[in-house]
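Structure record follows, encoded as structure tokens.
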Amino acid sequence: MILNRFKKKKEIEVEKDKLPQHIAFIMDGNGRWARRRGLPRTAGHHEGGKTLLEMIKVCNELGVKAITVYAFSTENWSRPKDEVNYLMDLPSQYINKYLPKIKEANIKMNFIGFIDQLPDKMKYDIEVAIEQTKHNTGMVFTIAINYGSQDELIHATKQIAQEVKDEKMSIEDITKDYFSSKLMTKGLPDVDLLIRTSGEIRISNFLLWQISYSELYFTNKYWPDFNEKELKKAIIDYQSRNRRFGGLKGEIK
Ligand code: FPP
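Residue numbers 1 to 253, in the working numbering, belong to the letters of the sequence shown in order.
Encoded structure:
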């Protein structure tokens with residue numbers, strides 16, 4: 001009896017046949033992580049980059065089909081210039097350093113956001129990353145840079161409105177699928193699980209259309225402290241939920 005009390009509780013494992021197909025991450029808390037250590041905010045972003053690498057590796061190994069991360073929002077331009085410059089440079093640094101490994105791991109790189117407005121250097125690195133991984137058939141890794149969901153929705157609406165005006169499209173044919181095909185996430189599976197770190201419980205203009213039926217998971221951990229164990233906790237939590245998609249019964253597909 002007494003011994004039983006000290007027996008290690010059996011750990012619950014991720015169920016491989018009920019994996020979320022597409023996980024989106026709001027990588028929040030880098031600044032606070034750094035401040036707690038008396039470091040500059042950029043040190044938090046640097047550390048956050050390491051967490052991202054771990055997530056790519058673990059999700060790919062688990063068999064997740066797609067992950068999308070919020071690296072820079074359309075609102076982030078209002079941050080101090082130094083921080084903006086750092087955040088603008090970070091994806092390029094990672095692409096240059098890790099692209100061969102990403103290629104080898106059969107990961108396909110993808111970007112969403114208003115890429116045209118980015119510095120030329122970053123546009124070039126993005127093009128290279130897309131080009132070099134375009135034949136890969138494994139997990140799709142999407143980085144949202146200069147992304148804002150409301151602007152994405154307006155952009156899609158304008159495109160469709162123009163098609164209607166030009167009589168290339170009739171109003172009756174505007175379906176959910178058609179609208180989705182005009183979004184930057186075209187071709188990606190719906191987001192099953194959205195994870196936000198750092199204790200903030202909001203969406204912050206990220207993938208508003210795409211998360212219509214997502215399960216939401218919030219954790220107090222700062223992004224640089226998020227890791228494989230925390231990810232698995234989130235997935236196990238997701239797997240315990242009863243997804244109804246507006247119906248009465250059902251479970252995770
Ligand atoms: C939010 O934390 C984080 C960001 C705006 C940037 C996220 C970027 C990375 C994790 C770097 C890696 C990215 C790539 C693509 C290599 P915050 O600064 O708002 O934190 P705070 O709320 O604590 O201030």
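Yeah, the Cβ is synthetic: ideal placement off N, Cα and C, and Gly gets one too. All figures in this text were calculated on a predicted structure; none of them were measured in a lab.
Here the stretch 145-152 lies against the stretch 103-120, with 3 or more beta-carbon pairs under 8 Å apart.
In its chain, beyond the 5 residues on either side, F72, L118, P119 and M122 have a beta carbon closer than 8 Å to the beta carbon of M88.
Residue pairing from DSSP places H22 in a beta bridge opposite A66. Between the stretch 128-135 and the stretch 54-71 there are fewer than three C-beta pairs closer than 8 Å, too few to call the two in contact. Following the DSSP letters along the chain, one finds F179 inside the alpha helix (DSSP H) bounded by residues K176 to S181. Sequence-distant Cβ neighbours of V84 in its own chain, meaning closer than 8 Å and more than five residues away, are N76 and W77. DSSP lists T68 and N110 as the beta-bridge partner residues of T142.
Of L39, V164 and I235, the smallest CA-CA separation from I23 is found for I235. In its chain, beyond the 5 residues on either side, S73, T74, E75, G148, S149 and Q150 have a beta carbon closer than 8 Å to the beta carbon of N205. With contact defined as three or more Cβ pairs closer than 8 Å, the stretch 22-42 and the stretch 211-225 are in contact.
Look at R202 here: in three-state DSSP terms it is coil, with no helix or strand label. Sorting K229, I56, L39 and T219 by C-alpha distance to the C-alpha of R202 places T219 at the top. Within the model, the alpha-carbon separation for L194 versus E215 is close to 6 Å.
Spanning the alpha carbons of L208 and V140 requires a straight line of approximately 20 Å. Taking 7 Å as the cut-off, the Cβ atoms of A129 and I95 count as close. Excluding sequence positions up to five before and after K221, its CB lies within less than 6 Å of the CB of T197 and E230, all in the same chain and listed in chain order.
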